[in-house]
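**Q** Protein chains in written order, with the working numbering: chain A, -12 to 195; chain B, -12 to 195.
Ideal placement from N, C-alpha and C gives every residue a C-beta, glycine not left out.
This structure is a prediction, so every number in the text was calculated from the model and none was measured.
There are 2 protein chains.
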Amino acid sequence: MVPAPSEQHGDVRRLVLDAAIAIIELEGAESLSMREVARRAGVSHQAPYHYFSDRSGIFAAISEEGFTGLAQAFRDVHETEMPAAKAGFIAYLNFAREHVGHFRVMFRNDICGVTTHALTQTAADSAFEELRLMVSRITGPEIDPNKAFTFAAMLWSLSHGLATLVIDGPLPNKVPPGTDLESQIQAVIDLSSHMVALEVAEMGLLPR
Amino acid sequence: MVPAPSEQHGDVRRLVLDAAIAIIELEGAESLSMREVARRAGVSHQAPYHYFSDRSGIFAAISEEGFTGLAQAFRDVHETEMPAAKAGFIAYLNFAREHVGHFRVMFRNDICGVTTHALTQTAADSAFEELRLMVSRITGPEIDPNKAFTFAAMLWSLSHGLATLVIDGPLPNKVPPGTDLESQIQAVIDLSSHMVALEVAEMGLLPR
DNA sequence: AGGTGTGCTTGACACTGTCAAGTTGTACTG
DNA sequence: CAGTACAACTTGACAGTGTCAAGCACACCT
């Protein structure tokens, strides 16, 4: 069959990927089926295998895309006028909420392929490198490398915990009556940024 | 067939649950198969259906058990002499590491059954209630309820982020050479506790 | 004109979750 | 002590799944 004129080389790969992301956003990674993806992309049940080695290959491609996007989001933080810590929290959370499909896969070590797929691995590494750069903007560059790692891990934990609890976790159901989720999220981010600023100040570093 | 003398009423339920937890610890929730569970428990492929409505029923039972255990872990924090925040971080992380199978299911909203299974729901609620009690021991009880929720959400994010990054996330691979994972985790917990203490002090609350 | 490779398709197989319909032992009633 | 009811399973069947294998059609090079 001749492909429709609008379709270009590689279209199917994109169609498959988008279909997969859509399914993951709607129903979670659990219920992603190779055949359902193919149906949604309008191709035969084996077509995806032409672009991805198997089911795990699709997940790996999605998380590679995700880590690349997250690294970019970290880079964009440099452009803002906000304190770096606060901008970082917001960037992380926004990325998670705007790319739920990607995010759900990226941090699931059993399926994300970070240990098995080299491209995903390097994408994840470069995202972490950007996080490190961001941290050095918060603490200043002259900090001891071990201490810097500890600081990065703490900031990452805080961002990551908030993001996962918000997009998939039980936090939204627990918001007390009288406030809404958005303002509570804002409050958590403000509290966290403030707390980080106190710590940085006490460490005797430039408080930027 | 007559059950072996060592087997009691309800044994199969426990066997099935333990087999499921073992599989999840080893290979992740993704690859839990009803039939594999049954095989490991040494029963027919339909026996689990006698105790659990379906696959989601097993997940719901596991997360119910998990939330009950987590609530208990929070209660045990009251017994320690450590500052409450630090003891809380340690308790959360220890729970996650000692019950990886439970933990992996509990915070996966797509499978944990917290919205569909009433028992799981109430177990999750009571765990959150314990978290709230713990927070009031950190901030003091006279804090504004909204502010208390914000504080609880922040502490939860921090603990939860650290736990997920450690047990399933990419953090262990990123530890810089020259230190080991355990001492880095300890450092993150110390830094976090210190930061929380600074925040509490600045809030003008009892610094306990 | 013939060969080679890409981009698919159709077919088959073992395995999965789950519905339906037994089977077996045990407890309890009359 | 026969009869019945029920719990705790078992065996069987079916549609749906991931994936291996083979085939087909078209583009491009020689």
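Unbroken alpha helix (DSSP H) runs of length 4 or more, entirely within the region 74 to 155 of chain B: which are they?
**A** The region 74 to 155 of chain B contains these whole alpha helix (DSSP H) runs: 87 to 93, 105 to 126, 132 to 154.
**Q** Report the neighbours of residue 147/A on chain B: residues whose CB is nearer than 9 Å to its CB, in chain order.
**A** Numbered from 1 along the first sequence, position 160 holds the residue referred to as residue 147/A. Near residue 147/A (Cβ distances below 9 Å), the residues of chain B are 144, 147, 148, 149, 151, 152, 156.
**Q** In chain B, what lies closer than 8 Å to residue 207/A by C-beta?
**A** The structure shown does not extend to residue 207/A, since chain A is modelled only from -12 to 195, so the question has no answer here.
**Q** Buried or exposed: where does residue 128/B fall if 16 or more other Cβ atoms within 10 Å of its Cβ makes it buried?
**A** The residue you call residue 128/B lines up with position 141 of the second sequence. Result: exposed.
**Q** Is any beta-carbon of chain A found at less than 7 Å from that of residue 131/B?
**A** As a working mapping, residue 131/B is identified with position 144 in the second sequence. Cβ-Cβ to chain A under 7 Å: no for residue 131/B.
**Q** Is residue -12/B helix, strand or coil by DSSP?
**A** For the purposes of this step, residue -12/B is taken as residue 1 along the second sequence, with counting starting at 1. Model confidence at residue -12/B stands at a pLDDT of 36, short of 50, so the residue's coordinates are unreliable; what they give is reported in the following sentence. Here residue -12/B sits in coil by DSSP.
**Q** Spatial neighbours of residue 58/B within its chain, please: CB distance less than 8 Å, with the 5 preceding and 5 following residues excluded, ordered by chain position.
**A** Residue mapping note: residue 58/B aligns to position 71 of the second sequence, counting from 1. Closer than 8 Å at the Cβ level, and outside the excluded window around residue 58/B, lie 110, 113, 114, 116, 117.
**Q** Which bits of chain A does residue 105/B rub up against, with CB to CB less than 9 Å?
**A** If you number the second sequence from 1, residue 105/B lands on position 118. Simply none; closest approach about 14 Å.
**Q** Taking three-plus beta-carbon pairs below 8 Å as touching, is the region 145 to 164 of chain A in contact with the region 134 to 150 of chain B?
**A** Yes, the region 145 to 164 of chain A is in contact with the region 134 to 150 of chain B.
**Q** Does any CB atom of chain A fall closer than 7 Å to the CB of residue 170/B?
**A** Translated into the one-based positions of the second sequence, residue 170/B becomes position 183. With 7 Å as the cut-off, residue 170/B does not count as an interface residue toward chain A.
**Q** Can you say whether residue 65/B is buried or exposed, counting buried as having 16 or more other CB atoms within 10 angstroms of its CB?
**A** Mapped onto the second sequence, residue 65/B falls at position 78. By the 10 Å Cβ count, residue 65/B comes out exposed.
**Q** Measuring straight from C-alpha to C-alpha, what distance separates residue 155/A and residue 93/B?
**A** In the first sequence, counting from the first residue as 1, residue 155/A sits at position 168. In the second sequence, counting from the first residue as 1, residue 93/B sits at position 106. Going by the C-alpha atoms only, they are around 11 Å apart.
**Q** Say whether chain B places a C-beta atom closer than 7 Å to the C-beta of residue 111/A.
**A** By 1-based counting over the first sequence, the position of residue 111/A is 124. Chain B, which has a Cβ nearer than 7 Å to the Cβ of residue 111/A, makes this yes.
**Q** Of the residues 152/A, 78/A, 33/A, 40/A, which one's Cα is nearest the Cα of residue 91/A?
**A** Along the first sequence, read from residue 1 onward, the residue named residue 91/A stands at position 104. Selected option, being the one with the closest Cα: 152/A.
**Q** Do residue 72/B and residue 125/B come within 7 Å of each other at the CB atom, strictly closer than that value?
**A** Your numbering for residue 125/B matches position 138 in the second sequence. Your numbering for residue 72/B matches position 85 in the second sequence. Cβ atoms of residue 125/B and residue 72/B: closer than 7 Å.
**Q** Below 7 Å between beta carbons is the criterion; list the residues of the region 83 to 94 of chain A that meet it against any residue of chain B, in chain order.
**A** The residues in question are 94.
**Q** Select from 34/A, 106/A, 52/A the residue whose C-alpha is nearest the C-alpha of residue 8/A.
**A** Position 21 of the first sequence, counted from the start, is the residue given in the question as residue 8/A. Per the Cα distances, 52/A.
**Q** Buried or exposed, going by whether 16 or more other CB atoms sit within 10 Å of the CB of residue 78/A?
**A** Numbered from 1 along the first sequence, position 91 holds the residue referred to as residue 78/A. Under this definition residue 78/A is a buried residue.
**Q** Taking beta-carbon pairs under 8 Å, can you tell me which members of the region 169 to 191 of chain A lie near chain B?
**A** Listed by position along the chain: 171, 174, 175, 178, 179, 181, 182, 183, 185, 186, 189.
**Q** Measure how close the beta-carbons of residue 140/A and residue 19/B come, nearest whole angstrom, since I'm counting them as under 8 Å.
**A** The residue labelled residue 140/A in the question sits at position 153 within the first sequence. The residue labelled residue 19/B in the question sits at position 32 within the second sequence. Actually they do not touch by this definition, with Cβ atoms about 30 Å apart.
**Q** So is residue 107/A buried or exposed if we call it buried at 16+ other beta carbons inside 10 Å?
**A** Taking the first residue of the first sequence as position 1, residue 107/A is located at position 120. Burial call: buried.
**Q** Which bits of chain B does residue 101/A rub up against, with CB to CB less than 9 Å?
**A** By one-based count along the first sequence, residue 101/A stands at place 114. Within chain B, the residues near residue 101/A are 157, 160.
**Q** Flag this pair as yes or no: are the beta carbons of residue 136/A and residue 163/B separated by less than 7 Å?
**A** Walking along the first sequence from the start, residue 136/A turns up at place 149. Walking along the second sequence from the start, residue 163/B turns up at place 176. Closer than 7 Å, so yes.
**Q** Classify residue 165/B: buried if its beta carbon has 16 or more other beta carbons within 10 angstroms, exposed otherwise.
**A** Indexing the second sequence from 1 puts residue 165/B at position 178. It is exposed - the Cβ of residue 165/B has fewer than 16 other Cβ atoms within 10 Å.
**Q** Return the CA-CA distance between residue 86/A and residue 102/A, expressed in angstroms with no decimal places.
**A** Stepping through the first sequence from its first residue, residue 86/A is reached at position 99. Stepping through the first sequence from its first residue, residue 102/A is reached at position 115. Rounded to the nearest angstrom, the two C-alpha atoms are 22 Å apart.
**Q** Short of 6 Å in beta carbon distance, which residues of its chain neighbour residue 32/A, apart from the five on each side in sequence? Order them along the chain.
**A** Here residue 32/A corresponds to residue number 45 of the first sequence, with the count starting at 1. Once the five neighbours on either side are set aside, the close Cβ partners of residue 32/A are 22, 25.
**Q** Which same chain residues, not among the five before or five after residue 43/A, have their C-beta less than 6 Å away from its C-beta?
**A** Here residue 43/A refers to the residue found at position 56 of the first sequence. The residues are 100.
**Q** Which stretch, first to last residue, makes up the alpha helix (DSSP H) that contains residue 189/A?
**A** Here residue 189/A refers to the residue found at position 202 of the first sequence. Unbroken alpha helix (DSSP H) run through residue 189/A: 168 to 189.
**Q** List, in order along the chain, the chain B residues whose C-beta lies closer than 7 Å to that of residue 96/A?
**A** Along the first sequence, one-based indexing puts residue 96/A at 109. In chain order: 155, 156.
**Q** Measure from the C-beta of residue 17/B to each C-beta in chain A and report whether the shortest distance is under 7 Å.
**A** Taking the second sequence and counting its residues from 1, one reaches residue 17/B at position 30. Chain A, which has a Cβ nearer than 7 Å to the Cβ of residue 17/B, makes this yes.
**Q** Below 8 Å on the Cβ atoms is my guess for residue 179/B versus residue 76/B; work out the distance and round it to an integer in Å.
**A** Stepping through the second sequence from its first residue, residue 179/B is reached at position 192. Stepping through the second sequence from its first residue, residue 76/B is reached at position 89. Indeed, because the Cβ distance is near 6 Å, the residues count as touching under 8 Å.
**Q** Relative to the C-alpha of residue 170/A, which candidate in 167/B, 189/B, 28/B, 133/B has its C-alpha closest?
**A** Against the first sequence, residue 170/A aligns to sequence position 183. Of the candidates 167/B, 189/B, 28/B, 133/B, the one whose C-alpha sits nearest the C-alpha of residue 170/A is 133/B.
**Q** Is any beta-carbon of chain A found at less than 7 Å from that of residue 141/B?
**A** Position 154 of the second sequence holds residue 141/B. Judged by the 7 Å Cβ criterion, residue 141/B is in contact with chain A.
**Q** In angstroms, rounded to a whole number, what distance separates the CA positions of residue 120/A and residue 138/A?
**A** Counting from one through the first sequence, the residue named residue 120/A turns up at place 133. Counting from one through the first sequence, the residue named residue 138/A turns up at place 151. Their Cα atoms are separated by approximately 12 Å.
**Q** Are the CB atoms of residue 17/A and residue 97/B nearer to each other than 7 Å?
**A** In the first sequence, the residue the question calls residue 17/A occupies position 30. In the second sequence, the residue the question calls residue 97/B occupies position 110. Closer than 7 Å, so yes.
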